[in-house]
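Peer 1: Protein chains in written order, with my numbering: chain E, 1 to 205; chain V, 1001 to 1205. Glycine included, C-beta positions come from ideal geometry on N, C-alpha and C. Values in this document were obtained by computation on a predicted structure and should not be read as measured data. A single structure is presented below for examination.
Protein chains: 2
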Amino acid sequence: MTPQQQFSSSLLETAVSELAKLPGVGRKTALRLALHLLRREPAEGEQLGLSIIKLCNEIKYCKVCHNISEDEVCDVCSNPRRDSSIICVVENVQDVMHIERTGQFRGLYHVLNGLISPMDGIGPDQLQINSLVERVKQSGVVEVILALSATMEGDTTNYYIYRMLRDTGVKITQLARGVQVGNEIEYTDEITLGRSLLNRTPFGD
Amino acid sequence: MTPQQQFSSSLLETAVSELAKLPGVGRKTALRLALHLLRREPAEGEQLGLSIIKLCNEIKYCKVCHNISEDEVCDVCSNPRRDSSIICVVENVQDVMHIERTGQFRGLYHVLNGLISPMDGIGPDQLQINSLVERVKQSGVVEVILALSATMEGDTTNYYIYRMLRDTGVKITQLARGVQVGNEIEYTDEITLGRSLLNRTPFGD
């Protein structure tokens, strides 16, 4: 037996190797998952397998905002009650879900599918930035909210998008930086604290 | 949207629900796994899905020892260089792998597929105990090693098997209980310490 073929069945070996490719799943966990599936009804494992295959082969993305979608255009983009004059630019589909859960946003989204990161070899052309610029130019967009992470990659991407859009006349905003709700002043870093002093808001807002 | 249908695609929803049935995987982790699969090539997800389906539908168990096997009889049972007069009784297939890795055992195995546990409604008939008794009666087995966990369920199962086998004349042994290698005496519990005193072995063994 080679180190790879350490199980008494090649079916088990293959399943463990495939499961171990998932993020945060090592070979030990993969074996635990595989043996769990073997203890259940075969139909249960089949459902799991089929759902993964269908997910990977049949998933669609909204052709407007690039969010995961059931149809050509997603529920948010096709909802007439949403404000199509405001576009919130996010890194990925998780961020759309996250912002939707706040219940504070009634506009549309634009999913970049990543951030500009020269270190990882990701340039603007690999992201949905050109389609954002097209979208802003074509439709009656009034405001673009940059809702990217407060990291170097986020800031770089923010600045790139700002440069691409500044001549279109659209209002460009970004998420407020400040003391996190629930955090103590003592443990807030100095840059954040400085920004939140500069951008202080009227009491009661 | 209902609480269950919280994603913008039913394909994603189904995959997340199925993944979240795995042990130690909540909905948040399941979503992370699903989105990871979407970022990879579709072929990668297909391989994972197919490997799970094949595992659950086509897995075979050795008809002698009930370990997971490629063929009707597993590699261990069909290996002429293994000592077929000693049977090591274990709870599950993981324990077979665990003992194989020690390199200390050259006999055969018998996988019970669980332990007697009245609390969980598991009685002797749901386990491979009768087939163990048959096996001991039919072939030239000299020794049965009970290698079950040192828990109440393990002890109960040990005693049940002992009663079933004591009239067959086979030698019945169990794993030595004692101070764990690498452990300090100070942190060894009293029952273990007492047992390891009673069952002390000649120095140098």
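Any beta carbon from chain V within less than 8 Å of E:Asp75's own beta carbon?
Peer 2: By one-based count along the first sequence, residue 75 of chain E stands at place 75. Using a Cβ-Cβ cut-off of 8 Å, E:Asp75 counts as an interface residue toward chain V, since at least one Cβ of chain V sits closer than that to its own.
Peer 1: Could you list which residues in chain E have their beta carbon closer than 9 Å to that of V:Glu1134, in chain order?
Peer 2: Start at 1 with the first residue of the second sequence, and residue 1134 of chain V comes out as number 134. Correct list: empty, because the minimum Cβ distance to chain E is about 22 Å.
Peer 1: Flag E:Cys65 as yes if its beta-carbon sits less than 8 Å from any beta-carbon of chain V, otherwise no.
Peer 2: As a working note, residue 65 of chain E is residue 65 in the first sequence. It does not: the Cβ of E:Cys65 has no partner Cβ on chain V nearer than 8 Å.
Peer 1: State the beta-bridge partners of E:His110 as determined by DSSP.
Peer 2: Indexing the first sequence from 1 puts residue 110 of chain E at position 110. Paired residue(s): E:Val89.
Peer 1: Just to check my reading of the structure: E:Val96 and E:Asn67 have Cβ atoms closer than 8 Å, yes? What is that Cβ distance to the nearest angstrom?
Peer 2: The residue given as residue 96 of chain E occupies position 96 in the first sequence. The residue given as residue 67 of chain E occupies position 67 in the first sequence. Indeed, because the Cβ distance is near 5 Å, the residues count as touching under 8 Å.
Peer 1: Quick one: what's got a C-beta closer than 7 Å to V:Ala1020's C-beta in the same chain, skipping five residues either side?
Peer 2: In the second sequence, residue 1020 of chain V corresponds to position 20, counting from 1. Gly1026, Arg1027, Ala1030.
Peer 1: Can you tell me which residues form a DSSP beta bridge with E:Thr173?
Peer 2: Translated into the one-based positions of the first sequence, residue 173 of chain E becomes position 173. Partner(s): E:Ile145.
Peer 1: DSSP on E:Ile233, reduced to helix/strand/coil?
Peer 2: In the structure as shown, chain E begins at 1 and stops at 205. Residue 233 of chain E is therefore absent and cannot be evaluated.
Peer 1: Just curious, the alpha helix (DSSP H) that V:Asp1071 is in, first and last residue?
Peer 2: For the purposes of this step, residue 1071 of chain V is taken as residue 71 along the second sequence, with counting starting at 1. No alpha helix (DSSP H) holds V:Asp1071; DSSP gives it neither H nor E.
Peer 1: So with CB distances below 8 Å, who are the chain E contacts of V:Thr1014?
Peer 2: Along the second sequence, read from residue 1 onward, the residue named residue 1014 of chain V stands at position 14. Ser51, Lys54, Leu55, listed in chain order.
Peer 1: Whose C-alpha, out of V:Ser1085, V:Gln1006, V:Gly1123, is nearest the C-alpha of E:Arg101?
Peer 2: One-based indexing of the first sequence puts residue 101 of chain E at position 101. The candidate whose alpha carbon is nearest that of E:Arg101 is V:Gln1006.
Peer 1: List the endpoints of the continuous alpha helix (DSSP H) containing E:Ile161.
Peer 2: Residue mapping note: residue 161 of chain E aligns to position 161 of the first sequence, counting from 1. Counting along the chain, the unbroken alpha helix (DSSP H) around E:Ile161 starts and ends at 152-165.
Peer 1: Work out the CA separation of E:Leu55 and E:Glu70 for me, nearest whole Å.
Peer 2: Taking the first residue of the first sequence as 1, we reach residue 70 of chain E at position 70. Taking the first residue of the first sequence as 1, we reach residue 55 of chain E at position 55. Approximately 11 Å, taken between the alpha carbons.
Peer 1: Would a check of beta-carbon distances place V:Ser1010 closer than 8 Å to chain E?
Peer 2: Counting from one through the second sequence, the residue named residue 1010 of chain V turns up at place 10. Cβ-Cβ to chain E under 8 Å: yes for V:Ser1010.
Peer 1: Along chain A, which residues have their Cβ under 7 Å away from the Cβ of V:Gln1047?
Peer 2: No chain A appears in the structure shown, which is made up of the protein chains E and V.
Peer 1: Verify whether the separation of the beta carbon atoms of V:Leu1033 and E:Glu18 is less than 8 Å.
Peer 2: Locating residue 1033 of chain V in the second sequence gives position 33, where the first residue counts as 1. Locating residue 18 of chain E in the first sequence gives position 18, where the first residue counts as 1. Going by C-beta atoms, V:Leu1033 is not nearer than 8 Å to E:Glu18.
Peer 1: Are E:Val142 and E:Leu165 closer than 8 Å when you measure CB to CB?
Peer 2: The residue labelled residue 142 of chain E in the question sits at position 142 within the first sequence. The residue labelled residue 165 of chain E in the question sits at position 165 within the first sequence. It is not a contact, given that the beta carbons lie outside the stated cut-off.
Peer 1: Evaluate the contact criterion for the segment 1169-1180 of chain V versus the segment 1141-1157 of chain V: three or more CB pairs, one atom per stretch, below 8 Å.
Peer 2: yes
Peer 1: Which of the residues in the segment 84-114 of chain E, read from start to end, lie with their CB under 8 Å from any CB of chain V?
Peer 2: Asn92, Val93, Gln94, Val96, Met97
Peer 1: Indicate whether at least one CB of chain E lies closer than 8 Å to the CB of V:Ile1068.
Peer 2: What you label residue 1068 of chain V is simply residue 68 of the second sequence in a count that begins at 1. Yes, because at least one Cβ of chain E sits closer than 8 Å to the Cβ of V:Ile1068.
Peer 1: Taking its Cβ as the centre, do 16 or more other Cβ atoms sit within 10 Å of V:Glu1013, making it buried, or is it exposed?
Peer 2: For this step, residue 1013 of chain V is matched to residue 13 along the second sequence. Result: buried.
Peer 1: Based on the DSSP secondary-structure assignment, which residues constitute the bridge partners of V:Lys1060?
Peer 2: On the second sequence, position 60 is the one that residue 1060 of chain V refers to. V:Ser1069, per the DSSP bridge assignment.
Peer 1: One question on the structure: do E:Ile87 and E:Gly107 come within less than 8 Å of each other, judged by their Cβ atoms?
Peer 2: Your numbering for residue 87 of chain E matches position 87 in the first sequence. Your numbering for residue 107 of chain E matches position 107 in the first sequence. Yes; because the gap between Cβ atoms is below 8 Å, this pair is in contact.
Peer 1: Whose C-alpha, out of E:Asn199, E:Ser8, E:Thr192, E:Leu50, is nearest the C-alpha of V:Asn1079?
Peer 2: By 1-based counting over the second sequence, the position of residue 1079 of chain V is 79. Of E:Asn199, E:Ser8, E:Thr192, E:Leu50, the residue nearest in Cα terms is E:Ser8.
Peer 1: The ligand COA and E:Asp75: does the residue's C-beta get closer than 7 Å to at least one heavy atom of that ligand?
Peer 2: The ligand COA is not part of the structure shown, which contains no ligands of any sort.
Peer 1: In angstroms, rounded to a whole number, what distance separates the CA positions of V:Thr1192 and V:Val1181?
Peer 2: On the second sequence, position 192 is the one that residue 1192 of chain V refers to. On the second sequence, position 181 is the one that residue 1181 of chain V refers to. Taking the straight line joining both Cα atoms gives about 13 Å.
Peer 1: Strictly below 8 Å CB to CB, what residues from chain E border V:Ile1059?
Peer 2: Counting from 1 along the second sequence, the entry for residue 1059 of chain V is found at position 59. When 8 Å is used as the limit between beta carbons, V:Ile1059 is near these residues of chain E: Ser9, Leu11, Leu12, Leu38, in chain order.
Peer 1: Assuming contact is defined by CB atoms lying nearer than 8 Å, are V:Gln1126 and V:Val1111 in contact in what I supplied?
Peer 2: Here residue 1126 of chain V corresponds to residue number 126 of the second sequence, with the count starting at 1. Here residue 1111 of chain V corresponds to residue number 111 of the second sequence, with the count starting at 1. No, Cβ-Cβ distance for V:Gln1126 and V:Val1111 is not below 8 Å.
Peer 1: Report buried or exposed for E:Gly121, applying the criterion of at least 16 other Cβ atoms within 10 angstroms of its Cβ.
Peer 2: Along the first sequence, read from residue 1 onward, the residue named residue 121 of chain E stands at position 121. Residue burial annotation: E:Gly121 is exposed, with fewer than 16 other C-beta atoms found within 10 angstroms of its C-beta.
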